[in-house]
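In the working numbering, the protein residues as written are 15 to 348.
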Ligand code: KG4
Ligand code: ZN
């Protein structure tokens, strides 16, 4: 029996060290993640040097665990895929160098993966029905971008944040509310117990033409409100702030999907795990005849399964590979 084509995916662009093994284009056989979040929590955000050192410490063990989980041998690996950008240069360098070394040692091809494209491939791992063309909203701690996906590998940037990413704003408001880093999931939980109409925070760029976002002003509005009303109920602040974020993300994304004559909207990245966003997008999408699709929650936040899936597609379908001279690209765009 011929052995399946096996891709190892390596992700280390920020504070998750992750390794996955994929058979063919979509059959996930191992998926291991180690989050450094707790380690960075005391600093209120990711400390790049600390992150790099920890990736270096953990990565070999995660590779070993993934191989054990998949019940394969190292020499069964046919392709190495590692994130080469965007992200923090030190953390990127660790996963990328490890991946290139592994490809060299095993004498197999290597492919560098754009982390943002990886997020889009999280959808492909979870859903067989939805294929391009579609509109994608990538909404995470580092990015808030609307991308028209004509086909996998063919992307057109429709709009992006002009300042903070949505996840970054969530994390900063979380800090104001005394929530540890990262705050998105806790704001999600608090908001479920609060009144979203308690405060009328701005809906930035909602009425402006085009598909760009801005969250810095909204974050400042929350800061000023809390200075004036320090005893405000945290649940209400979280619910009202989240209502603004969700409203802007939903309106712009659905408008862009219609403007580009797409029927499907795919929402990916860490903030796509948000229960309020998932619900509002589905409801408003249905009203406008648009199907809104989210990956399962575990594939919204950073993982290596999506990196392996993007790498396998580029190699097996688009017949691409990268030379081992490929370096990290912290500001890589789609
Ligand atoms: O995609 P991701 O894991 O890393 C980046 O590429 O940035 O996204 C992390 C972001 C953080 O800002 C975190 O607070 C946010 O995703 N996040 C959430 C939720 N879970 C994670 N935001 C809102 N609701 C959630 N349930
Ligand atoms: Zn990410």
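Built from N, CA and C at the ideal position, the CB exists for glycine as well.
- With a cutoff of 8 Å on beta-carbon distance, residue 98 and residue 343 are scored as near each other.
- About 20 Å separates the beta carbons of residue 140 and residue 18, which is beyond the 8 Å limit, so they are not a contact pair.
- Counting only residues of its own chain and dropping the five nearest sequence neighbours on each side, residue 324 has a CB closer than 6 Å to the CB of 127, 131, 132 and 135.
- The beta carbon of residue 72 sits closer than 6 Å to those of 31 and 48, all from its chain and outside the five residues before and after it, given in chain order.
- Taking residue 257 as reference, the option from 279, 327, 240 and 218 with the minimal CA-CA separation is 218.
- For residue 16, the secondary structure class from DSSP, reduced to helix, strand or coil, is coil.
- By the neighbour-count definition (other C-beta atoms within 10 Å, threshold 16), residue 66 is a buried residue.
- In the three-state scheme derived from DSSP, where H, G and I count as helix and E and B as strand, residue 149 is classed as strand.
- Cβ neighbours of residue 283 within its own chain (closer than 6 Å, five residues either side excluded): 133, 152, 153 and 154.
- Secondary structure of residue 333 (DSSP, three-state): coil.
- Of all alpha-carbon atoms in 286, 159 and 114, the one lying nearest the alpha-carbon of residue 337 is that of 114.
- A contact is defined here as three or more CB-CB pairs under 8 Å, and the region 26 to 44 meets this definition with respect to the region 101 to 111.
- Counting along the chain, residue 81 sits inside the alpha helix (DSSP H) bounded by residues 62 to 84.
- Under the 10 Å beta carbon count, residue 264 is surrounded by 16 or more other beta carbons and is classified as buried.
- Between residue 322 and residue 35, the CB-CB gap stays under 8 Å.
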